[in-house]
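Enquirer: Dropping a structure here in structure tokens format, bear with me for questions.
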Amino acid sequence: DFDSDDKKISQVDFEAIEAEMKKIIKENLEISRFELPRNEAIELAKKLKEPYKVELINDLPEDEVISFYKQGEFTDLCAGPHLMSTGKVKIVKLLKVAGAYWRGSEKNKMLQRVYAISFPKQSMLDEYLQKLEEAKERDHRKLGKELGIFMTSDLVGKGFPMWLPNGFLLRRALSDYIMDKELKLGYKHVLTPSLGSVDLYKTSGHWDHYKDDMFPVMEMDNEAYVLRPMNCPHHMMIYKNFLHSYHDLPLRMAEVAHDFRFEDSGTLVGLERARCFTQNDSHIFCRPDQIKDEFKAVIELILDTYKDFGFKNYKFRLSLRDPENKEKYFDNDELWNKSENELREVLIELGVDFYEAKGEAAFYGPKLDVQVISALGHDVTLSTCQLDYQLPEKFELEYVDENGDKVRPVVVHRAILGSLDRFVAFLLEETKGNLPVWLAPVQVKVLPISDKFIDEAKKVYEACFNANLKVELDDRAEKIGYKIREAQTQKIPYMLIVGAKEVETNTVSIRKRSEGEIGSLSIEDTVAKIKQEIENKSL
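Just so we're on the same page, the working numbering is the position in the sequence shown counted from 1, plus 10.
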């Protein structure tokens, strides 16, 4: 990172900077390490005119070793380790320059950050650069703009994406899809407010463990409210509002809910990480003897969903607390040990292949995270399932057991698609925007070859529309080749072409995004073919 008001680094400067780097490598300068007491370290940093390094030194613990590295005329504060000499560096490449707030806080000054990479071989650099290009092509922010999925505006605010018509249709398809699955499995859907009182979050424990990630408090009429970061407290209150018998359980409560988290501006990435998002959330209130069956049903729902989307490369992670970090979690060792052991035993009994990760639990309980491996090789958490004894205690939830006694239920938190926003980002990057026909915002585009075939094209459009297909008619006075290329760029799954031959034979010529021309069919058979593909959720 650089602080230089009088010189703005740009990619135009990269060639000269790389030439200087190669010169330093060729000189094979020795890189030596030395340590200094705190006072001397501060004096050296001041002498080098490095106020940021002075700040870092002052923030180091009293017993911290303060080390510097020196090569030629350059000396810098660094923990190390370093190579023995500059000649050990082989291949270097500057990648990009961007703004970065000092120490990641937007309250501090914006610095210039230069990104670079080094490899021992040119072939390794070439492979890396190729992966970077692939990542750019798959970037959901690029695809989201090109396909009219979403947009952002600095005036609206950082981290608040706005869904465009195509994006809304895609979101609605996902929401309808998962809600239909839940209804068939006995879930009851609710709708709760995006605000809650501060007292609600003090009761749940979010105020103690999650306050730093929440939006500031709003005070009105002597009441304090906050935008909710999650939906658990609202669902706890719905359960608490009614009397429950052991016969009533399990109660599977679900919601497609809007949530808000005040993420640091430097971590915001399009739909992948935003300050407002929509969760496919659910809370299952059950008896202890029902935990295994409920977890099994959730895992089966996850696997069935992943099959529909064609996800094959994923792994299960048992996320546990870090017992050394007491402040991060509810302080109840007995309940933590009980819930972690129970969840581990359930997974073993179900024959689920999993690995354990300490420190990844929610603050109220352990969880099963499904890590899906993306097309770029990244681990992405899509689905999660959590076992919770804590919130039923916090909210004093009860049901009447078979002996007439009031006892606590257990809560299973689960999200199958997780955040719909992040799920869309993942889908766009996985498919490069080539969404399957059942999900595509526009499934069919009708293309008349010229103006004289518009009336016939309208009949094709109406047949598709009446069959509930998402269809558009391109009746512009453009050449058919241009219309096809544009529809291909828009990644439309089906293009139905209407010209003289089609009018004469009462057919349409079918062109698929992935296969090109596949022949002609009657309008009725064409609609039936596309409908069948949608119903089968063909990929």
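Where a beta carbon is used, it is the ideal one built from N, C-alpha and C, also for glycine.
Report the CB separation of residue 348 from residue 409 in whole angstroms; it is logged as a contact under 8 Å.
Expert: For the purposes of this step, residue 348 is identified with residue 338 of the sequence shown, where counting begins at 1. For the purposes of this step, residue 409 is identified with residue 399 of the sequence shown, where counting begins at 1. Going by Cβ atoms, the distance from residue 348 to residue 409 rounds to 19 Å, so no, they are not a contact pair.
Enquirer: How many angstroms separate the CA atom of residue 249 from the CA atom of residue 455?
Expert: Taking the first residue of the sequence shown as position 1, residue 249 is located at position 239. Taking the first residue of the sequence shown as position 1, residue 455 is located at position 445. Answer to the nearest angstrom: the Cα atoms are 47 Å apart.
Enquirer: Are there 16 or more other CB atoms within 10 angstroms of the CB of residue 222, so buried, or fewer, so exposed?
Expert: The residue labelled residue 222 in the question sits at position 212 within the sequence shown. When all chains shown are included, residue 222 counts as exposed.
Enquirer: Please list, in chain order, all residues of the same chain as residue 175 whose beta carbon is under 7 Å from its beta carbon, the five residues on each side excluded.
Expert: Within the sequence shown, residue 175 is the residue found at index 165, counting from 1. Excluding residues within five positions, the ones whose Cβ falls inside 7 Å are 158.
Enquirer: Within this structure, are the beta carbons of residue 404 and residue 215 separated by less than 7 Å?
Expert: Here residue 404 is taken as the residue at index 394 of the sequence shown, counted from 1. Here residue 215 is taken as the residue at index 205 of the sequence shown, counted from 1. In contact: residue 404 and residue 215 (Cβ atoms closer than 7 Å).
Enquirer: Could you compute how far the alpha carbon of residue 113 sits from the alpha carbon of residue 355?
Expert: The residue given as residue 113 occupies position 103 in the sequence shown. The residue given as residue 355 occupies position 345 in the sequence shown. Cα-Cα distance, rounded: 42 Å.
Enquirer: Could you spell out the range, first to last residue, of the beta strand (DSSP E) harbouring residue 377?
Expert: Locating residue 377 in the sequence shown gives position 367, counting from the first residue. First-last of the beta strand (DSSP E) with residue 377: 377 to 383.
Enquirer: Please classify residue 206: does DSSP put it in a helix, a strand, or coil?
Expert: Taking the sequence shown and counting its residues from 1, the one referred to as residue 206 is at position 196. In the structure shown, residue 206 sits in a strand (DSSP, three-state: E or B).
Enquirer: Go ahead and pull the three-state DSSP assignment for residue 580.
Expert: Missing from the structure shown is residue 580; the chain here goes from 11 to 549 and no further.
Enquirer: For residue 485, which option in 500, 289, 508, 473 has the closest C-alpha, if you only look at C-alpha atoms?
Expert: As a working note, residue 485 is residue 475 in the sequence shown. Looking at the Cα atoms, 508 is the closest of the given residues.
Enquirer: Assuming residue 103 and residue 130 form a contact by the criterion Cβ under 8 Å, report the distance between their Cβ atoms to the nearest whole angstrom.
Expert: The count along the sequence shown starts at 1 and reaches residue 103 at position 93. The count along the sequence shown starts at 1 and reaches residue 130 at position 120. Their Cβ separation, rounded to whole angstroms, is 13 Å, which puts residue 103 and residue 130 out of contact at 8 Å.
Enquirer: Which runs of the beta strand (DSSP E), 3 residues or longer, sit entirely within the region 65 to 119?
Expert: Segments of the beta strand (DSSP E) lying fully in the region 65 to 119: 77 to 81, 84 to 87, 101 to 111.
Enquirer: Distance, Cα to Cα, residue 526 vs residue 503?
Expert: As a first step, residue 526 must be located in the sequence shown, where it is residue number 516. As a first step, residue 503 must be located in the sequence shown, where it is residue number 493. Using only the alpha carbons, I get a separation of about 10 Å.
Enquirer: How big is the Cα-Cα spacing for residue 69 and residue 89?
Expert: For the purposes of this step, residue 69 is taken as residue 59 along the sequence shown, with counting starting at 1. For the purposes of this step, residue 89 is taken as residue 79 along the sequence shown, with counting starting at 1. Approximately 14 Å, taken between the alpha carbons.
Enquirer: With distances taken Cα to Cα, identify the nearest neighbour of residue 384 among 257, 145, 465.
Expert: As a position in the sequence shown, residue 384 is number 374, starting the count at 1. Answer by Cα proximity: 145.
Enquirer: Kindly indicate the opening and closing residues of the beta strand (DSSP E) around residue 290.
Expert: As a working note, residue 290 is residue 280 in the sequence shown. Run containing residue 290: 286 to 296, per the beta strand (DSSP E) assignment.
Enquirer: Whole angstroms is fine: what's the gap from residue 85's alpha carbon to residue 66's?
Expert: Mapped onto the sequence shown, residue 85 falls at position 75. Mapped onto the sequence shown, residue 66 falls at position 56. If you take the alpha carbons of residue 85 and residue 66, they lie about 16 Å apart.
Enquirer: Can you tell me the Cα-Cα spacing of residue 340 and residue 417, whole angstroms?
Expert: Indexing the sequence shown from 1 puts residue 340 at position 330. Indexing the sequence shown from 1 puts residue 417 at position 407. Answer to the nearest angstrom: the Cα atoms are 21 Å apart.
Enquirer: Is it buried or exposed, residue 241, if we count other Cβ atoms within 10 angstroms and call 16 or more buried?
Expert: Within the sequence shown, the letter at position 231 stands for residue 241. Burial call: buried.
Enquirer: Measure the beta-carbon distance from residue 378 to residue 353 and round it to whole angstroms, keeping in mind my assumption that it falls under 8 Å.
Expert: The sequence position of residue 378 within the sequence shown is 368, counting from 1. The sequence position of residue 353 within the sequence shown is 343, counting from 1. Their Cβ separation, rounded to whole angstroms, is 7 Å, which keeps residue 378 and residue 353 in contact under 8 Å.
Enquirer: Once you ignore the five residues that flank residue 109 on each side, which residues in its own chain have a CB closer than 6 Å to its CB?
Expert: Position 99 of the sequence shown, counting from 1, holds the residue named residue 109. Excluding positions up to five away in sequence, the list reads 120.
Enquirer: Could you pull out every unbroken alpha helix (DSSP H) segment of at least 4 residues lying fully inside the region 120 to 193, listed in chain order?
Expert: Qualifying alpha helix (DSSP H) stretches, in chain order: 132 to 148, 150 to 156.
Enquirer: Using C-beta distances below 8 Å, list every residue in its chain close to residue 36, excluding the 5 sequence neighbours before and after it, in chain order.
Expert: Looking up residue 36 in the sequence shown gives position 26. Excluding sequence neighbours, residue 36 sits near 97.
Enquirer: So, helix, strand or coil for residue 526, using DSSP?
Expert: As a working mapping, residue 526 is identified with position 516 in the sequence shown. Residue state, collapsed to three classes: strand.
Enquirer: Under the rule that 16 or more other beta-carbon atoms within 10 Å means buried, what is residue 169, buried or exposed?
Expert: Residue mapping note: residue 169 aligns to position 159 of the sequence shown, counting from 1. Residue 169 should be labelled buried.
Enquirer: Note down, in chain order, each residue of its chain lying with its Cβ closer than 6 Å to the Cβ of residue 286, except the 5 sequence neighbours on either side.
Expert: Residue numbering aside, residue 286 sits at position 276 when the sequence shown is read from its first letter. Cβ neighbours of residue 286 beyond the five flanking positions: 170, 270.
Enquirer: Which two residues bound the contiguous alpha helix (DSSP H) that contains residue 404?
Expert: For the purposes of this step, residue 404 is taken as the residue at position 394 of the sequence shown. Taken as a continuous stretch (DSSP letters only), the alpha helix (DSSP H) holding residue 404 covers 400 to 404.
Enquirer: Are the CB atoms of residue 243 and residue 210 within a distance shorter than 7 Å?
Expert: Residue mapping note: residue 210 aligns to position 200 of the sequence shown, counting from 1. Residue mapping note: residue 243 aligns to position 233 of the sequence shown, counting from 1. Cβ atoms of residue 210 and residue 243: closer than 7 Å.
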